[in-house]
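Student: The sequence shown begins at 1 in the UniProt record's numbering and counts up one residue at a time. For glycine and all other residues, C-beta sits at the position ideal for the given N, C-alpha and C.
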Amino acid sequence: MKKYILFGMMTALLFSCKKDDNQPSGPNKDNNNILYVIQDNKFNFSFFNTALTVTNYGNTFLGKGPYTVLIPDDNAFQKSGYNTTEDVAKEKGMVLTNLVKYHTLPGQWQLDKLPFRFNQPVVTASGTSLFVTHWVHGEDTVIVVNGTRVTALNLPASNGLIQVINTVLNPLVQDKLSDAIAAEPTLTYFNAALQRAGLKELLKGDGPLTVFAPSNAAFIAAGFPTTDSIVQTDPAILKNILQFHMMATRRFVYDYVLITDDSNQTRQNMLNSSSTTVNLQNYGNDYNITITGAGNLQPAQVLKSNVLTNNGVLHIIDQVLTENL
Numbered sequence: 001m002k003k004y005i006l007f008g009m010m011t012a013l014l015f016s017c018k019k020d021d022n023q024p025s026g027p028n029k030d031n032n033n034i035l036y037v038i039q040d041n042k043f044n045f046s047f048f049n050t051a052l053t054v055t056n057y058g059n060t061f062l063g064k065g066p067y068t069v070l071i072p073d074d075n076a077f078q079k080s081g082y083n084t085t086e087d088v089a090k091e092k093g094m095v096l097t098n099l100v101k102y103h104t105l106p107g108q109w110q111l112d113k114l115p116f117r118f119n120q121p122v123v124t125a126s127g128t129s130l131f132v133t134h135w136v137h138g139e140d141t142v143i144v145v146n147g148t149r150v151t152a153l154n155l156p157a158s159n160g161l162i163q164v165i166n167t168v169l170n171p172l173v174q175d176k177l178s179d180a181i182a183a184e185p186t187l188t189y190f191n192a193a194l195q196r197a198g199l200k201e202l203l204k205g206d207g208p209l210t211v212f213a214p215s216n217a218a219f220i221a222a223g224f225p226t227t228d229s230i231v232q233t234d235p236a237i238l239k240n241i242l243q244f245h246m247m248a249t250r251r252f253v254y255d256y257v258l259i260t261d262d263s264n265q266t267r268q269n270m271l272n273s274s275s276t277t278v279n280l281q282n283y284g285n286d287y288n289i290t291i292t293g294a295g296n297l298q299p300a301q302v303l304k305s306n307v308l309t310n311n312g313v314l315h316i317i318d319q320v321l322t323e324n325l
């Protein structure tokens with residue numbers, strides 16, 4: 001954490017020097033506002049600035065505020081599929097508006113002042129929530145938002161703060177896990193199983209829950225050739241299978257970095273009172289997980305991770321987890 005604090009201090013000094021030395025002053029001119037800081041950092045924030053320009057949302061950051069802006073750096077945008085700023089400019093206006101509003105918090109949020117807890121909800125300018133973890137890992141104090149780490153913290157502006165992140169956050173689209181599963185074309189078998197087992201209402205509740213949902217191909221490989229075969233299965237059997245894929249907390253992939261010891265494994269209790277093993281995989285600055293039941297010969301791979309809803313997190317996996325060989 002020391003290196004992030006030092007980076008933030010150095011960046012703050014750089015901002016203040018540039019504003020004082022290079023810009024004219026005047027009674028109505030504010031060269032310290034959030035928009036100026038974003039525009040002045042062309043090599044780090046050019047993609048996000050393009051989104052602000054296209055949507056005209058940048059004018060918001062000329063106002064009194066205060067605001068807190070979570071800015072994905074340029075590498076984050078490229079990692080998410082925008083190769084150039086021109087690609088951002090070509091994106092649909094509604095998509096970009098949702099993006100920039102989801103990365104904006106009304107008020108001044110010093111994230112390191114939050115309690116030491118996992119996934120604390122904070123309401124964004126879009127009216128939906130993101131989830132902030134403040135935790136200690138080794139010698140570092142870590143701030144994580146929706147499973148992505150804050151890389152530069154509390155950069156100051158006259159009308160708020162900037163937090164820099166290394167991933168573009170996906171705005172919350174679906175309200176409940178039930179909705180997210182029903183909207184996912186690779187989970188029609190899982191959705192049919194939920195209906196047959198009477199668990200749809202559980203996933204419409206307040207949660208929080210984490211669901212590791214096997215894909216359609218995973219169900220077929222496990223002996224369910226069609227959705228009709230699921231409908232014909234005893235609901236009690238399906239309920240136990242499905243509850244073995246759910247846990248009563250919210251877990252993003254990066255959360256496992258914070259709770260896993262040097263063994264890179266952690267056990268977690270599922271809703272049916274049996275446990276699974278999560279294996280943490282480190283790829284430099286990126287992390288992935290696999291998950292295994294006692295009856296799985298190979299770990300299940302995560303095909304899609306960190307699908308956020310108001311009542312939990314959805315991960316799609318490539319196997320049906322089993323308790324016994």
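1. How many whole angstroms separate the CB atoms of Thr266 and Ile259, which I take to be in contact at a CB cut-off of 8 Å?
2. Below 9 Å between beta carbons: does that hold for Gly312 and Thr210?
3. Just checking my contact of Asn154 with Leu169 at CB under 8 Å: how many whole Å lie between their CB atoms?
4. Would you say Phe47 faces chain B, with C-beta separation under 9 Å as the test?
5. Is Leu62 buried or exposed, if buried means 16 or more other CB atoms sit within 10 Å of its CB?
6. Can you check the stretch 188-235 for any alpha helix (DSSP H) of at least 4 residues that lies completely inside it and give the ranges in chain order?
7. Whole alpha helix (DSSP H) runs in the stretch 248-302 with 4 or more residues, listed along the chain?
8. For Leu70 and Thr55, what's the separation of their Cα atoms in angstroms?
9. In three-state DSSP terms, what is Lys113?
10. Given that a residue counts as buried once 16 or more other Cβ atoms are within 10 Å of its Cβ, and exposed if not, what is Pro27?
11. What residues in its chain sit with their C-beta under 6 Å from that of His315, if we drop five residues either side in the sequence?
12. Suppose contacts are defined by Cβ-Cβ distances below 9 Å. Is Leu111 in contact with His134 by that definition?
13. Just the Cα atoms here: how many angstroms apart are residue 396 and Leu321?
14. Which residues share a DSSP beta bridge with Thr68?
15. With C-beta atoms as the reference, is Leu308 less than 9 Å away from Phe190?
16. Using 10 angstroms around the beta-carbon of Phe43, count the other beta-carbons present and answer buried if the total reaches 16, otherwise exposed.
17. Using 9 Å as the threshold, is the C-beta distance between Ser126 and Thr151 below it?
18. Report buried or exposed for Asn324, applying the criterion of at least 16 other Cβ atoms within 10 angstroms of its Cβ.
19. Say whether the stretch 266-283 touches the stretch 219-232, bearing in mind that this needs 3 or more beta-carbon pairs closer than 8 Å, one atom from each stretch.
20. For Leu155, which beta-bridge partners are listed by DSSP?
21. When you compare the CB positions of Thr188 and Thr227, do they come within less than 9 Å of one another, or not?
22. In whole angstroms, give me the CA-to-CA distance for Arg251 and Gly207.
23. Out of Ile241, Tyr287 and Asn264, which has the shortest C-alpha to C-alpha gap to Gly295?
24. Going straight from the alpha carbon of Tyr261 to that of Asn279, what length do you get?
25. Can you tell me where the beta strand (DSSP E) holding Gln39 begins and where it ends?
26. Contact check, Thr148 vs Ile162 under 8 Å by CB: the rounded distance?
Tutor: Well, looking at it:
1. 6 Å
2. yes
3. Going by Cβ atoms, the distance from Asn154 to Leu169 rounds to 18 Å, so no, they are not a contact pair.
4. Absent here is chain B; the protein component of the structure consists of one chain.
5. exposed
6. 188-197, 216-221 and 227-231
7. 253-259
8. 17 Å
9. helix
10. Here the model assigns Pro27 a pLDDT of 40, short of 50, so the residue's position is not dependable, and the following value carries that caveat. With fewer than 16 other Cβ atoms within 10 Å, it is exposed.
11. Phe212, Val302 and Ser305
12. yes
13. The structure shown does not extend to residue 396, since the chain is modelled only from 1 to 325, so the question has no answer here.
14. Leu105 and Leu161
15. no
16. exposed
17. no
18. exposed
19. no
20. Ile162
21. yes
22. 12 Å
23. Ile241
24. What sits at residue 261 in the sequence shown is Asp, not Tyr. Approximately 11 Å, taken between the alpha carbons.
25. Counting along the chain, Gln39 falls outside any beta strand (DSSP E), though it belongs to the alpha helix (DSSP H) covering Ile34 to Asp40.
26. Incorrect: roughly 15 Å between the Cβ atoms, too far for contact.
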